[in-house]
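In the working numbering, the protein residues as written are 53 to 314.
Please read the structure below before turning to the comments.
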């Protein structure tokens, strides 16, 4: 009897526990576990993205000011106001010695603009090298940017243009990003360095391949135009696909959904 009585408290506790489980089971079933929000962009991608955007804005503003000091372009090693230009931009100059056809001269901003352009260029270069190292080591390029072989077809490309998928990079976006990262970005750095007398004297072959310092300046101008057009299209596509969610994803790492694009 003593042994049997000792079992009743345990039986009572077990019965109460089972009742509690049966009471709370419907309640817990009505609240499914929260969906896991995956990181849309890694921290390195987000930081380097905004640093590059800041540097590019500084390069764009200072580059326009430098351009206005001499809005004429040449081909070859040398070029000046006494040389026939390859083409001229229809802008007034900030220097009276440059013939532009205008009867007035803009304020000269050549001093601070060159300093800002130089500093921003080095900032963009260091950020780009860090991003390149991260993308190579972490597999970011292979996983998110390199297209599969079957995607490299006109049908796949046309489908990506007509049907935009906001959850991932489509084939057109990936090819564009690869072109910017591995062609336009290195070329704009190369041509920018080729305009430097110190770089030209240290690496003359790197400048002669481009056709000379004035040729490097002309190429630098067109590459900068392409990068600016990429920026405009990039911002427009962000606005079309959801400006708030895309910007939030590039700031916080996620856009409030469980879709993942690293």
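All C-beta atoms, glycine included, are put in the ideal place defined by N, C-alpha and C.
Residues bridged to residue i (per DSSP)
i, result
"residue 125", "139"
Unbroken alpha helix (DSSP H) run spanning residue i, endpoints
i, result
"residue 267", "265-304"
"residue 160", "Note, residue 160: premise wrong, no alpha helix (DSSP H); not H, not E."
"residue 261", "Note, residue 261: premise wrong, no alpha helix (DSSP H); not H, not E."
"residue 131", "It is not in any alpha helix (DSSP H) - residue 131 carries neither H nor E in the DSSP assignment."
"residue 226", "223-231"
Residue j beta carbon less than 9 Å from that of residue i
i, j, result
"residue 265", "residue 129", "yes"
"residue 154", "residue 270", "no"
"residue 296", "residue 93", "no"
"residue 243", "residue 262", "yes"
"residue 96", "residue 208", "no"
"residue 246", "residue 254", "no"
"residue 299", "residue 276", "no"
"residue 137", "residue 120", "no"
Top-ranked residue by Cα proximity to residue i, from the options
i, options, result
"residue 212", "223, 167, 243 and 136", "223"
"residue 46", "157, 185 and 170", "With the chain represented from 53 up to 314, any question about residue 46 goes unanswered, as that position is not in the structure."
"residue 232", "279, 162 and 131", "279"
"residue 236", "259, 172, 192 and 180", "180"
"residue 283", "95, 198 and 104", "104"
"residue 164", "113, 287, 196 and 95", "113"
"residue 151", "168, 124 and 167", "124"
"residue 200", "167, 227 and 298", "227"
"residue 168", "197, 121, 108 and 287", "108"
"residue 178", "281, 273, 101 and 287", "101"
"residue 285", "225, 203, 99 and 149", "225"
"residue 159", "122, 186 and 204", "122"
Buried versus exposed call for residue i [16 or more other C-beta atoms within 10 Å across all chains shown]
i, result
"residue 303", "exposed"
"residue 210", "exposed"
"residue 139", "exposed"
"residue 173", "buried"
"residue 193", "buried"
"residue 115", "buried"
"residue 294", "exposed"
"residue 176", "buried"
"residue 214", "exposed"
"residue 183", "buried"
"residue 135", "exposed"
"residue 259", "buried"
"residue 205", "exposed"
"residue 268", "buried"
"residue 198", "exposed"
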